[in-house]
Amino acid sequence: MAPRRAASKYRYWRQYDDERLLALRFCDLSLDIKRGWVAQHVQLYRELRPRYRIQTHAWYGIEWFSPDGIPGIAVPFYLADPRLRRLERRFMQQVEGGDSKWLTRVLRHEAAHALDTAYDLRHRPDWRAVFGPSSRRYPSVYTSRPGSRRYVLHLGHWYAQSHPTEDFAETFAVWMQPRARWRRDYAGWPALKKLEYVDALMAQIGAKSPRRRSRVAVEPVTKIRQTLGLHYRRKLARYDLTDGRYDTRLTRVFATPLRRPNGKPAASFLREVRPQLERLLVRRARLHPYVVEHALNTVTQRTKHLDLRLARDRRRSKRDVVRLLERVVLDVMKRNRENYAL
Numbered sequence: 008m009a010p011r012r013a014a015s016k017y018r019y020w021r022q023y024d025d026e027r028l029l030a031l032r033f034c035d036l037s038l039d040i041k042r043g044w045v046a047q048h049v050q051l052y053r054e055l056r057p058r059y060r061i062q063t064h065a066w067y068g069i070e071w072f073s074p075d076g077i078p079g080i081a082v083p084f085y086l087a088d089p090r091l092r093r094l095e096r097r098f099m100q101q102v103e104g105g106d107s108k109w110l111t112r113v114l115r116h117e118a119a120h121a122l123d124t125a126y127d128l129r130h131r132p133d134w135r136a137v138f139g140p141s142s143r144r145y146p147s148v149y150t151s152r153p154g155s156r157r158y159v160l161h162l163g164h165w166y167a168q169s170h171p172t173e174d175f176a177e178t179f180a181v182w183m184q185p186r187a188r189w190r191r192d193y194a195g196w197p198a199l200k201k202l203e204y205v206d207a208l209m210a211q212i213g214a215k216s217p218r219r220r221s222r223v224a225v226e227p228v229t230k231i232r233q234t235l236g237l238h239y240r241r242k243l244a245r246y247d248l249t250d251g252r253y254d255t256r257l258t259r260v261f262a263t264p265l266r267r268p269n270g271k272p273a274a275s276f277l278r279e280v281r282p283q284l285e286r287l288l289v290r291r292a293r294l295h296p297y298v299v300e301h302a303l304n305t306v307t308q309r310t311k312h313l314d315l316r317l318a319r320d321r322r323r324s325k326r327d328v329v330r331l332l333e334r335v336v337l338d339v340m341k342r343n344r345e346n347y348a349l
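What follows is the structure in structure tokens.
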């Protein structure tokens, strides 16, 4: 019992309202990645250890990143505690890596960057021939083509298309699934050649010692004196959360707070019925689940931003949402051109 009481005192700020929490500096949070929910999942990221001699490490930073020259991973601070996750959701409408499945996906992606750094993979001629030059400038905004089969589908927003190093990281993350699965999922896709390359590359690396082994933690939150409030002001300025292209259709399906002040939040309803919607749309539209997931995320985040409510009974609302999502999916595939900030 003593350790539990100590942990509660250790995170005194759990009881703070948002305004008091935003006034704190990152270094005031006293976060330790060796304890809690994330610590258990970091073990999954160490799946590489039994077969490869890479010594990876993780620490809490402001955002997800794997620094150049350091084979490690910065995990965003908000994953350290449910209170911080609620704050992140308030401002950003979602929590990247906020559940076990999503966290595992991101850790596998970041593990690829750490592996790339440890073995200096990006400078290999065969790596460049498959993924392109890593020296290509990172864009502030990238344009993806949702219909392309030259890239794997792992993290959201067709992220593999943003840069050669992200293409490798996404391919590696998919490769970490059982081989039979990725061979089946990508049969007939040009992206399969990238997966086969990674498979051969990892067999070649085997037990070779990595070139870089530094255990330095870059920009850990324990040393950052910036306040959480300033962080979120800057983050909101960087990301556009006001894409209103589907607002008219959304307000036909759901009600505004003025019309239904006591109505059930539409975003909550969508999360509840999401598994049913995913199965139905994949079957009816015959599209990759990734595209359906993208449409659901887009609609859910926008309904939360607009604070929309259920306007009808659940059965009719579900039917109307299916029609809306089919329209969104068709729009995405027809445009075959989506822009996203990095």
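Per the numbering used here, the very first residue in the sequence shown carries number 8; after that it's consecutive. Ideal Cβ positions, reconstructed from N, Cα and C, are used throughout, including at glycine. Just so you know, these numbers come straight off a predicted model, no measurement behind them.
*Considering residue 312, what are the terminal residues of the alpha helix (DSSP H) in which it resides?*
296-313
_Buried versus exposed call for residue 321 [16 or more other C-beta atoms within 10 Å across all chains shown]_ = exposed
*asked:* Could you tell me the alpha carbon to alpha carbon distance between residue 218 and residue 126, rounded to whole angstroms?
replied: 5 angstroms
*Pick helix, strand or coil for residue 367, following the three-state DSSP scheme.*
Residue 367 is absent from the model: the chain starts at 8 and stops at 349.
*By the 10 Å Cβ neighbour count, where 16 or more other Cβ atoms means buried, how is residue 11 classified, buried or exposed?*
Model confidence at residue 11 stands at a pLDDT of 48, short of 50, so the residue's coordinates are unreliable and nothing is read from them.
_With three or more beta-carbon pairs closer than 8 angstroms as the criterion, would you say the segment 218-227 touches the segment 265-284?_
no
_Going by DSSP in three states, residue 139 sits in which element: helix, strand or coil?_
coil
*Just checking my contact of residue 257 with residue 326 at CB under 8 angstroms: how many whole Å lie between their CB atoms?*
Not a contact, Cβ separation roughly 15 angstroms.
*Note down, in chain order, each residue of its chain lying with its Cβ closer than 8 angstroms to the Cβ of residue 200, except the 5 sequence neighbours on either side.*
137
*Between the beta-carbon of residue 90 and the beta-carbon of residue 21, is there less than 7 angstroms?*
yes
*Just list the beta strand (DSSP E) runs in the segment 116-181, keeping only unbroken ones of 3 residues or longer that don't cross its boundaries, in chain order.*
148-151
*asked:* Rounded to whole angstroms, what is the Cα-Cα separation between residue 312 and residue 297?
replied: 23 angstroms
*Going by the CB atoms, is the gap between residue 124 and residue 171 shorter than 7 angstroms?*
no
*Do three or more CB pairs link the segment 104-115 to the segment 134-150 at distances below 8 angstroms?*
no
*Under the rule that 16 or more other beta-carbon atoms within 10 Å means buried, what is residue 150, buried or exposed?*
exposed
*Within 10 angstroms of its Cβ, does residue 178 collect 16 or more other Cβ (buried), or is it exposed?*
buried
_Assuming the contact rule is C-beta atoms closer than 8 angstroms, residue 156 and residue 198 should be a hit. Round their C-beta distance to whole Å, please._
6 angstroms
*Is it true that the segment 18-35 meets the segment 228-238, where meeting means three or more beta-carbon pairs spaced less than 8 angstroms apart?*
yes
*Taking the alpha-carbon positions, what's the residue 252 to residue 260 distance?*
15 angstroms
*State buried or exposed for residue 44, treating a residue as buried only when at least 16 other CB atoms are found within 10 Å of its CB.*
exposed
*Would DSSP call residue 317 helix, strand or coil?*
strand
*According to DSSP, is residue 30 helix, strand or coil?*
coil
*Candidates 210, 103, 267, 168: which alpha carbon is nearest residue 145's?*
168
*asked:* Quick check: the Cα distance between residue 71 and residue 99, rounded to an integer number of angstroms?
replied: 15 angstroms
*Taking the alpha-carbon positions, what's the residue 25 to residue 289 distance?*
39 angstroms
_In whole angstroms, give me the CA-to-CA distance for residue 211 and residue 187._
20 angstroms
*Taking buried to mean at least 16 other C-beta atoms within 10 Å of its own C-beta, is residue 286 buried or exposed?*
exposed
*Quick one: what does DSSP say residue 82 is sitting in, helix, strand or coil?*
strand
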